[in-house]
Amino acid sequence: MALPETPVVLAYPFVGRWAVQMSPADRVPSHGTSLMGSSHAIDFVPVDGAGRSAPRTWRSWVASEPPEDFVGFGRPLLSPVTGRVVAAHDGEPDHEARRAPVALLGYALTQRRRLAQGAAGLAGNHLVVALGEPGPVVLLAHLRRGSLRVSVGEQVEVGQEVAACGSSGNSTEPHVHVQVSDSTRWDQATGVPLTFRRGEQVELPRSGTVVDVR
């Protein structure tokens, strides 16, 4: 398909406070790769009023942590667009969170295995909504296992609850990964620029900022 001439405008797929990570407002490709059409992807980590994804305990420094200890695990996720569900994958486990350097090192050693698994290993539980035929398509990734509320072929409306925040796939703590691409053929997909609507304005927040959506 021909790529859009302007960024695709999305609604934020959540309410509440979420910290921005790996934003294409800072660099492209935002995640250091264009693999699977991810060149303009953005990550959001749910945080509390103090900007923490979870309180620090001894496990934060020397071990992995249960995803249930994180404030956003299971928080509802909303469709950022109106469109048709063209892919929905569930059944992948939610991983323990890893903030400790030693835990992150062990996680890095298993990255090759996730790459070999393709979309299931990288995106984990995920949902793809098409904005028409043949696209573009919007991906929500790392969803909580068992949280998908829609299935392939269904029409969804912007703001409709579709899943919950999880830590499946290539994830070191509960968060949601959002991207727009031109195809669900992930080995060939090209990333598409995106922005988010806030009231009458559109924005692309930078990494390190916290968006508070009401």
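Following this note's numbering, the numbering of the sequence shown begins with 10 at its first residue and continues without gaps. We put the beta carbon where it would ideally sit given N, CA and C, even for glycine.
query                                                                                                               : result
With distances taken between CB atoms, is the gap from D103 to R68 smaller than 8 Å?                                : no
At what residues does the beta strand (DSSP E) containing L7 begin and finish?                                      : Lying outside 10 to 223, the shown extent of the chain, residue 7 is not represented and no answer is given.
In terms of residues, what are the limits of the beta strand (DSSP E) holding G25?                                  : 25-30
Taking 7 Å as the cut-off, is the CB of S216 close to at least one heavy atom of the ligand SAM?                    : Annotation note on the ligand SAM: not contained in the displayed structure, which lists no ligands.
Would you call the region 195-209 and the region 149-166 touching, i.e. three or more CB-CB distances under 8 Å?    : no
Using alpha carbons as the reference points, say which of R36, G144, V222, V137 lies closest to H186.               : V137
Three-state secondary structure (DSSP) at R68?                                                                      : helix
Which whole-angstrom value is the C-beta distance of P183 and F82, which I expect to be below 8 Å?                  : 4 Å
Quick check on DSSP: helix, strand or coil for D78?                                                                 : helix
Quick check on the burial criterion: 16 or more other C-beta atoms within 10 angstroms. Buried or exposed for Q197? : exposed
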